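Trainee:
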Amino acid sequence: MSISTLPISQATHEATPGKWTVYGRAFAGLFVRDLYVLRREMFPFIIRVCMNPLLFLFVFTYIMPHMSGGAAMNPTAQMAASGGGNFSTVLLPGLMAVAIMFSGIAAVALPLSQEFGVTREIDDRVMCPLPVGAIALEKIVFSSLQSMIAAAVVFPLAYYVPSTPVAAHVSSWPFLLAVLVLASLVAGALGLTIGTAVNPKQIGLIFGVVVMPITFLGCVYYPWAALKGMPFIKYGVLVNPIVYMSEGLRAALTPGAHMPEPLILGMLCFFLALLTWLGMRGFLRRVVG
Amino acid sequence: MIVEVRGLRKVYSGKQEVTAVDGIDLSVKPGEIYGLLGPNGAGKTTTISICTTRVIPTAGTVRIAGVDAVANPAISRRAIGVVPQYNTLDRACTISENIYFHCLFFGFSRAEAKARTTQLLDQFHLGERTKAYPSQLSGGLAQRVQIARAIAHRPKVLFLDEPSAGLDPQSRIAMWEAVRALREEGITVVLTTHYMEEADELCDRVAIIDHGKILVEDTPAALKNSVGAQKVYELHLRDRESIPALAATLAGYNGVSKAEPTGDGVRVLAHGADGLLAEVLAAAGPYGLRDLNITEASLETVFIQLTGRDLRE
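So the sequence lines, in the order shown, correspond to chains A and B.
In terms of my numbering, the numbers along the first sequence are unbroken and rise by one, the last being 295.
In terms of my numbering, the numbers along the second sequence are unbroken and rise by one, the last being 407.
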């Protein structure tokens, strides 16, 4: 339906733009605002992104391999021995996946729960001339940008910090790009779902109840193929979207066994659709009475 | 009519079904300051929330500047400015950035947004605090920034929900001035309030609303005239049993338009005959007159006449 025929246009001094122009500008405005705030808070953002992988890499791929007699505690040695590639190589895509996932939660879920609970800033944001669903969509898209920056920051850390060499090479750039973009969007949609589903008072709990389990059971610290001796776990973890993020990056960045690539892309698309739908539904329920 | 509401109903289903708005019709003329006056829980905020597309009505239509706000919420928001009850300023941005980005959301170019921000900061006397963050502002100042931001995209109608809630008297008067000034810009204002002074001072027309229904709607002056009295004597008596008898006696006095029993005395509505007060005092004396309040007839009197209750109850 065209709105340019409606009386709203009569009194505005400039020519009234079409519906999609109005929406497009509002969406761009929201994006510019988020970029501006992110740029100003770049330093805390980088610290947040770096700290976890840096410490993890430092302890498990630098300190441990250097320990005298630490071979028993050294996952690198064991993994290399069992033929699963070395631990540093396993960690590279895994830690990138964690950074992507966590950025989605930090960029969408945490601020949203604050806005629903305390500041009510969201009440102003939904007064933009944009359908409410598109406002939620903007959050997912912007969060995916942060996730991609986070992944780009973690890559050099995971490549240079370990004392054992990391085997990384890109066999297909389009596949890497597809995985990176899809994983980042899934992370934003996950953040939206969590942020709208969890009671703002209980948002602190999600670290223990959601973030920790999906990280540890997300094929972050071990490749999915290495689970072959434990079918219960091997198939159980398939409900976890993080599995496809880490396996996708593993397939794109490192040699060795990994999940079939079409399955990875298919499941990332599936989770993107599912979580976007859940998140949008939650968002609409929260902001429209 | 710039705001047209017809047959509006909102029923919140749940364990207990609550009818927040029960068949409201409203028409606001362009350039008017229109007030919804009523006690807490009367349905004012729900009505405004529906008009501002934040709540979907159970039944009824809302047209803002000709656009159906229920069917086309996103587009109708271009004609709407909103100042909610609580502070919704963007905490991550300064005052001027709050206004600037608001302009961008509504499709202004960067240059237009910058110019509009400068103009509004000046108009609302915010020039000294442009770099301050919302958390550093007093309630009155934050309110002023919210109004400036709400009109930044030049809406046709500004909705203010309980604009003076939580403001000190001085800030309230400053806010009233800011709202009156909007009239000169041709912005129609719809506000809710439970302060009858605010409705009286500020509004061209007032709808008194209770239990989700509009009881009466007119100019403040006409509403006060409808009471048929200038003064209200509120008599508080020790002897409660004879209250009806005293009320009947007083009702017969010359200059008394109405005398009605209240919980602990009699309320006399008088149109100011000389010497009436002395007569009333003399009549009430034998019943143990404890206290006497004399007030001008106000919108509060109108509300009490309509509902039998106090606005504050």
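Glycine included, each C-beta is placed from N, C-alpha and C at the ideal position.
Predicted model only: the values in this text are computed from it and were never measured.
With distances taken Cα to Cα, identify the nearest neighbour of Asp404/B among Asp333/B, Ala301/B, Lys109/B and Pro133/B.
Mentor: Pro133/B
Trainee: Looking at C-alpha atoms only, which residue of Ala112/A, Met236/A and Leu63/A is the closest neighbour of Phe213/A?
Mentor: Ala112/A
Trainee: What ranges does the beta strand (DSSP E) occupy inside the stretch 187-266 of chain A, keeping only unbroken runs of at least 3 residues that lie completely in it?
Mentor: Whole beta strand (DSSP E) segments, 3+ residues: zero.
Trainee: Given that a residue counts as buried once 16 or more other Cβ atoms are within 10 Å of its Cβ, and exposed if not, what is Ser190/B?
Mentor: buried
Trainee: Looking at the unbroken beta strand (DSSP E) that takes in Leu136/A, where does it start and where does it end?
Mentor: Careful: Leu136/A lies outside any beta strand (DSSP E) and carries neither H nor E.
Trainee: Starting from Arg403/B, find everything on chain A with Cβ-Cβ shorter than 9 Å and list it in chain order.
Mentor: None at all; the shortest Cβ gap to chain A is about 27 Å.
Trainee: Exposed or buried, Leu136/A, counting other C-beta atoms within 10 Å across all chains shown (16 or more means buried)?
Mentor: buried
Trainee: In angstroms with no decimal places, state the Cα-to-Cα distance between Leu274/A and Val161/B.
Mentor: 41 Å
Trainee: Using the Cβ count rule (16 or more neighbours within 10 Å means buried), how would you classify Asn344/A?
Mentor: This structure does not reach residue 344/A, given that chain A is present from 7 up to 295, and the question cannot be answered.
Trainee: Straight-line CA distance for Ile388/B to Arg266/B?
Mentor: 25 Å
Trainee: Helix, strand or coil, according to DSSP, for Tyr106/B in the structure here?
Mentor: strand
Trainee: In this structure, does DSSP put Thr188/B in helix, strand or coil?
Mentor: coil
Trainee: So which residues of chain B does Thr125/A contact, with C-beta pairs closer than 7 Å?
Mentor: Arg185
Trainee: If I measure Cβ to Cβ from Val187/A and keep anything under 8 Å in the same chain, skipping five residues before and after, which residues do I get?
Mentor: Ser150 and Met154
Trainee: Which residues share a DSSP beta bridge with Lys307/B?
Mentor: Asp304/B
Trainee: Which residue marks the beginning of the alpha helix (DSSP H) containing Asn58/A, and which one marks its end?
Mentor: Met48 to Leu63
Trainee: So, for Ala87/A: in the same chain, excluding its five sequence neighbours on each side, which residues have a beta-carbon less than 6 Å away from its beta-carbon?
Mentor: Summary for Ala87/A: the model assigns pLDDT 48, below 50, so the residue's position carries little reliability; its value from the coordinates is reported in the next sentence. So no residue of the chain qualifies.
Trainee: Quick one: give me the first and last residue of the beta strand (DSSP E) that Lys352/B is part of.
Mentor: Val350 to Thr356
Trainee: For the stretch 141-157 of chain A, enumerate the residues whose C-beta is nearer than 9 Å to any C-beta of chain B, in chain order.
Mentor: none
Trainee: So, does the stretch 303-319 of chain B touch the stretch 375-385 of chain B, judging by three or more C-beta pairs under 8 Å?
Mentor: no
Trainee: Could you run through the stretch 133-156 of chain B and flag, in chain order, every residue whose CB is less than 9 Å away from some CB of chain E?
Mentor: The structure shown contains no chain E; its protein chains are A and B.
Trainee: Determine whether the Cβ of Phe253/B lies closer than 8 Å to any Cβ atom of chain A.
Mentor: no
Trainee: Taking Cβ to Cβ, would you say Ala103/A is nearer than 8 Å to Ile270/A?
Mentor: no
Trainee: Let me check understanding here. Comparing Cα to Cα, which of Thr282/B, Thr113/B and Gln399/B lies closest to Lys123/B?
Mentor: In this structure, Thr282/B is the residue among Thr282/B, Thr113/B and Gln399/B with its C-alpha nearest to the C-alpha of Lys123/B.
Trainee: Terminal residues of the continuous beta strand (DSSP E) containing Ser265/B?
Mentor: First-last for Ser265/B: Pro263 to Glu278, but that is the alpha helix (DSSP H), not the beta strand (DSSP E).
Trainee: What residues of chain A sit near Gly201/B, judged by a beta carbon separation below 8 Å?
Mentor: Pro23, Thr27, Val28, Arg31, Ala32, Gly35 and Pro135
Trainee: Kindly indicate which three-state DSSP category Val284/B falls into: helix, strand or coil?
Mentor: strand
Trainee: In the structure shown, what three-state DSSP assignment does Ile127/B receive?
Mentor: Reduced to three states, the DSSP call for Ile127/B is strand.
Trainee: In whole angstroms, give me the CA-to-CA distance for Gly254/A and Glu267/A.
Mentor: Going by the C-alpha atoms only, they are around 7 Å apart.
Trainee: Please report the straight-line C-alpha distance between Pro261/A and Ile245/B, rounded to a whole angstrom.
Mentor: Cα-Cα distance, rounded: 58 Å.
Trainee: Return the CA-CA distance between Val176/B and Gln217/B, expressed in angstroms with no decimal places.
Mentor: One alpha carbon belongs to Val176/B, the other to Gln217/B, and they sit about 18 Å apart.
Trainee: With 16 as the cutoff for other CB atoms within 10 Å, does Gln230/B come out buried or exposed?
Mentor: exposed
Trainee: Is Ile158/B near Ala173/B, with beta carbons less than 8 Å apart?
Mentor: yes
Trainee: Looking only at its own chain, which residues have a Cβ that is under 7 Å from the Cβ of Tyr228/A, when we skip the five neighbours before and after it?
Mentor: Excluding sequence positions up to five before and after Tyr228/A, its CB lies within less than 7 Å of the CB of Val96, all in the same chain and listed in chain order.
Trainee: Considering only C-alpha positions, which residue in the set His305/B, Val99/B, Leu252/B and Leu370/B is nearest to Val112/B?
Mentor: His305/B
Trainee: Confirm, please, whether the CB-CB distance from Lys104/B to Ala144/B is below 8 Å.
Mentor: Contrary to the premise, residue 144/B reads as Ile rather than Ala in this sequence. Yes, they are a contact pair.
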